[in-house]
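Structure first, commentary second.
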Amino acid sequence: MEKKMKLKENRTSSIVLHNLLIAVLAFIWLIPIVWLLCTSFSAYSGMNTSTFFPKEWSVAQYVKLFHPDTVAQFPQWFLNTFVIACFTCVISTMFVLMVAYATSVMRFPMRKPLMNMAVILNLFPGMLAMIAVYFTLKSFNLTNSYVGLIMVYSASSGLGYLIAKGFFDTVPRALCEAARIDGCSEARIFWQVILPMSRPIVVYTVISSFLGPWMDFVYAKMILNAGISSKYTVAIGLYKMLDKSLINSYFTQFCAGGVLVSIPISVLFVIMQRFYVEGITGGAVKG
Amino acid sequence: MKLKKVLAPVLAAAMAVSMISGMCVSAESETISLTMWGAEEDQALLGELVEEFKAAYPDQTFDIQIGVESESTAKDTVLTDVEAAADVYSFASDQLYDLVKAGALANLEEVGAALQVAGRTLDDVKSANVEASVEAASVDGNLYAFPRAGDNGYFLYYDSSVLSEEDVASWDSLLAAADAAGKKVGMTLASGWYNASFFYGAGFNTGLNEDGTTTIDWNGTSESGYTGVQVVQAMLGIAGNPAFMAIADGDISNQLASGALCACVSGTWDAITAQEQFGDGYAATKLPTFTIGEDQVQQGSVAGYKFIGVNGYSKNVGWAVVLADFITNEASQQKFFDQRESGPTNNSIIASDAVAENIAIAALAEQSAYSKVQMVGGKYWDPSQTLGELIAQGGLKADDEAGIQAALDTLVEGVTAPVE
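Right under this line is the structure:
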C-alpha cells in the first residue's frame with residue numbers, strides 16, 4: 001500500500017517537474033516576442049533598453065506607421081510585399097504540387113535519376129547562385145522589378161517537392177487507376193482526385209511558399225537595388241529604419257512594423273488550419 | 001468546367017505579371033533620366049532641391065529619381081554593381097579612395113567642363129569650399145567629388161547645469177565633476193574611429209598606401225615624443241574611472257536617453273537627443289585634454305566630410321555633374337544647414353552668424369583645429385576595435401607596460417597586414 005502511494009507520488013512529482021521545465025522553456029522563448037509587442041506600444045520613438053516594459057504606453061507609433069513620410073512608407077511596402085508573396089505563393093505552390101504529382105503517380109523513364117538530381121540540387125544553399133542570378137536578371141533588364149523577384153522566388157521551388165510527394169504516395173493508387181479506367185486525363189486526376197484529398201499538404205505548401213518571399217531579405221535587397229523607397233519590400237524598409245541616423249526616431253515604429261508583419265501569416269494560417277483537421281483521404285476508399 | 005475555374009485565376013495572374021513587366025520599361029530618348037542617392041533623413045530636402053534644379057533648366061526635361069542610400073554604406077552598395085548604382089550619390093569621405101580605385105567616381109577635372117551650363121567652373125567649386133574639404137575630395141590633385149557637409153566628426157556634449165566650462169577642459173576634471181554629481185561620461189572606445197582620437201592627439205599617425213595597405217606607428221614613439229604605451233595608460237586611466245561609461249558603437253543616443261550621462265563624445269547626429277536630454281543645460285565644446293605624465297595633451301579627432309560624387313559609369317555624366325554641383329552649391333548647403341542642421345563646407349556659410357550660434361556645429365568647428373582626416377585601409381578597423389575593447393573592459397593593466405606594448409605590436413601587425 002505504502003509502496004503504491006510512493007509510486008504515485010513519484011509520478012505526480014515527475015509530471016510537475018516536466019511541466020515546470022516546459023513552462024520555463026516557454027517563458028524563455030516568449031520573452032523576445034513579448035518584448036517586441038510591448039516595445040511597439042511605447043510612447044518613446046527611439047531605442048530604450050534600460051527598462052523591459054516601456055515607461056509610457058501609446059499606440060502613436062502604429063498611427064505614425066500608417067502616415068507615411070519619406071523614410072517610412074509602411075503601407076506601400078506592405079502592399080508590395082503582399083503582391084509579390086501572393087504571386088509567388090500561387091506559382092510555386094503549383095510547381096511543387098505538380099512536380100510532386102508527376103514523381104509520385106506517373107511513371108516515366110529517368111524518373112529516379114531526375115528525382116535524385118532535384119533533391120541534390122535543392123541541398124545546395126540558394127545563396128550560392130546569388131551573383132549568377134543577379135547578372136542573369138540584369139542582362140534581361142529584370143532587376144528592380146517585381147517580376148524578376150517573383151521569378152527568383154518561384155523558379156526553383158519545384159525542387160522542394162519531396163514532402164508533397166511523400167504525401168501523395170499515401171493516396172491509394174486504386175483511386176487513380178479507377179479514375180483512369182473511367183477515362184480521366186492526368187490533369188483531371190491531379191485536380192479532381194488527388195488534390196481534394198491532399199488538403200493538409202496543399203495547406204502546408206501554400207503557407208511555406210507564402211512565407212518565403214514574405215520574410216526574405218537577401219534576394220529582395222539584391223534585386224531591388226535602385227534604392228527607391230516606395231518600391232521596397234517590408235523587410236528592406238524595416239531594415240533601413242535601423243540606420244544609425246534614423247534609429248532614434250524610428251525604432252518603435254520598427255517594432256510596430258515587426259508586429260504587423262506577423263498578421264498576414266497568422267490570418268493565412270487560421271484560414272488554412274481548418275483544412276488540417278479534415279481527415280486525409282476522408283473515407284474515399286471504402287472497406 | 002471546374003478546370004476552367006482553376007485556370008481563370010492562373011491566366012489572370014499571368015496577365016497581371018506581363019502587365020507589370022510592361023510597366024517597367026519606360027524611358028524616352030529626349031528626357032535626361034538620372035538617379036540620385038541620398039541619406040534617408042535628407043529625402044524631403046533632396047526632393048525639394050531636385051524640383052528647383054528642374055526649374056533652373058526649363059528647356060530640358062528630366063526624369064530624376066531619388067533613392068535611399070545612407071552615406072555610411074554608399075561604398076558597399078555602389079561597389080556591389082557600379083553600373084546599377086545611381087548617377088549621383090552621396091558618401092562619406094573615407095570611402096573616396098576605394099570608390100576612385102573602382103572607377104565609381106568620375107574625374108571632375110575631365111568632365112567638369114559640363115558646369116559651364118550653370119555658368120560655373122570647377123575652380124569656383126574649389127574656392128567656395130573649405131580647403132581641407134577640397135583636399136579630402138581629391139586624389140593625386142584631381143577633384144573627384146563635390147564637398148557637401150563637414151559634420152562627420154565628434155566632439156563633447158555636456159550638461160552645463162552639472163558641469164562647468166572649467167570641468168570640461170580636461171578628462172580628469174570632467175570625470176571628477178561627473179563622479180561628484182553621480183553621473184557618467186560616455187564615449188565609444190571599441191571603434192577605431194573614436195579611439196584613434198587619443199593617438200592622433202598625442203601626435204601619432206596613420207596612412208594609406210597605394211596598394212590599400214595601412215601604415216601605423218602606434219607601437220613606437222610619436223612626433224610629440226610620447227610612446228604608444230603612455231597613450232594606452234592614459235586611456236586605461238580614463239576607462240577605469242568609475243564615472244566613465246564605455247558605450248558600444250551606435251548606442252550613445254540610447255544611453256543619452258536613459259538619463260545616466262552628463263556628457264558624452266558624439267557627433268551632430270545625436271544633437272537632437274542631447275538637446276532633449278540636457279534641456280536648458282545643453283552645451284557642446286571641443287574634446288577635453290588627457291594626461292600623459294605631467295602633460296595635458298589635447299585629444300584629437302577624426303574629421304569627415306560628406307561628398308556628392310558622380311558615377312563614372314553614368315550615361316549622362318554631364319547633367320549628373322551639373323546636378324551634383326547644384327546640390328552642393330551655396331544656396332543648397334544653406335538649406336541643408338537650415339533644415340537638417342548639417343555642418344556646411346561652404347566658406348561664406350561657415351562665416352555666417354547662424355552657424356556660430358548653432359551649439360553642436362560651433363563645437364565641431366572648435367574641434368576641427370585638432371582633427372585630421374583619417375587615412376586608413378580596410379585592415380585597420382578590426383584590430384583597432386579589439387584594442388578599444390581590451391581597454392574598455394580592463395583587459396590590460398596600466399602597470400603592465402610589456403603587456404600593453406605586446407597589444408600595440410599585435411595591433412600594428414594586424415593593421416599593416418597585406419590586403420589579399
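Residue numbers (the working numbering), protein chains in the order written: chain A, 1 to 287; chain B, 1 to 420. Don't be surprised by glycine CBs; every beta carbon is placed ideally from N, CA and C. All of these numbers come straight from a predicted model, not from anything done at the bench.
Would a check of beta-carbon distances place residue i closer than 8 Å to chain B?
i: A:G183; result: no
i: A:L246; result: yes
i: A:V71; result: yes
i: A:S50; result: yes
i: A:D216; result: no
i: A:S229; result: yes
CA-CA distance, residue i and residue j?
i: A:P54; j: A:F251; result: 13 Å
i: B:A118; j: B:E52; result: 13 Å
i: B:I349; j: A:F66; result: 38 Å
i: A:L97; j: A:F82; result: 22 Å
i: B:I64; j: B:Q230; result: 54 Å
i: A:T170; j: A:M106; result: 14 Å
i: B:F244; j: B:W319; result: 51 Å
i: B:T227; j: B:W218; result: 8 Å
i: A:M241; j: B:D270; result: 16 Å
i: B:E247; j: B:G47; result: The sequence given here places Ile at residue 247 of chain B; Glu does not occur at that position. So the alpha carbons of these two residues sit roughly 36 Å apart.
i: A:T233; j: A:N80; result: 6 Å
i: B:E357; j: B:I66; result: 32 Å
i: A:S185; j: A:Y161; result: 22 Å
i: B:S170; j: B:A136; result: 30 Å
i: B:R120; j: B:S133; result: 19 Å
i: A:L149; j: A:L238; result: 18 Å
i: A:A23; j: B:G267; result: 46 Å
i: A:G158; j: A:M115; result: 11 Å
i: B:I404; j: B:S173; result: 26 Å
i: B:L140; j: B:L287; result: The question names Leu, but residue 140 of chain B is Asp in the sequence shown. Approximately 32 Å, taken between the alpha carbons.
Where does residue i fall in DSSP's three states?
i: A:C89; result: helix
i: B:S164; result: coil
i: A:K244; result: coil
i: B:Q60; result: coil
i: B:S314; result: coil
i: B:Y282; result: strand
i: B:K183; result: coil
i: B:G414; result: helix
i: B:D353; result: helix
i: B:L261; result: strand
i: A:P200; result: helix
i: B:D382; result: helix
i: A:T281; result: Unreliable positioning characterises A:T281 in this predicted model, as indicated by a pLDDT of 46, which lies under 50. A coordinate reading is not provided.
Counting along the chain, where does the beta strand (DSSP E) carrying residue i start and finish?
i: B:M245; result: F244 to A246
i: B:W37; result: I32 to G38
i: A:Y153; result: Premise fails: A:Y153 lies in the alpha helix (DSSP H), Y146 to A155, not in any beta strand (DSSP E).
i: B:D159; result: F155 to D159
i: B:F91; result: V88 to A92
i: B:P147; result: A145 to A149
i: A:F108; result: Element bounds for A:F108: n/a, residue is neither H nor E.
i: B:L208; result: T206 to L208
i: B:V373; result: S371 to V373
i: B:V302; result: S301 to A303
Is residue i close to chain A, meaning its C-beta is less than 8 Å from at least one C-beta of that chain?
i: B:S70; result: yes
i: B:N254; result: yes
i: B:L3; result: Bear in mind that a pLDDT of 49 at B:L3, under 50, signals an unreliable position, so the model cannot answer this.
i: B:Q116; result: no
i: B:D159; result: no
i: B:A27; result: Because the pLDDT of B:A27 is 41, which lies under 50, any placement of that residue in the model is unreliable, and the number read from its coordinates should be weighed accordingly. Not an interface residue.
i: B:T428; result: There is no way to answer for residue 428 of chain B, as the model of chain B reaches only from 1 to 420.
i: B:Q65; result: yes
i: B:T35; result: yes
i: B:A190; result: no
i: B:W269; result: yes
i: B:S421; result: Nothing can be reported for residue 421 of chain B, as the shown portion of chain B is limited to 1 through 420.
At which residues does the alpha helix (DSSP H) containing residue i begin and terminate?
i: B:A320; result: V317 to T328
i: A:D182; result: Careful: A:D182 lies outside any alpha helix (DSSP H) and carries neither H nor E.
i: A:P113; result: R111 to L123
i: A:K138; result: M130 to S139
i: B:Q233; result: G228 to A239
Just checking: is the beta-carbon of residue i within a distance shorter than 8 Å of some beta-carbon in chain C?
i: B:A402; result: Note that chain C does not occur in the displayed structure, where the protein chains are A and B.
Assuming residue i contacts residue j under a Cβ cut-off of 8 Å, what Cβ separation, rounded to an integer in Å, is found between them?
i: B:G388; j: B:A190; result: 4 Å
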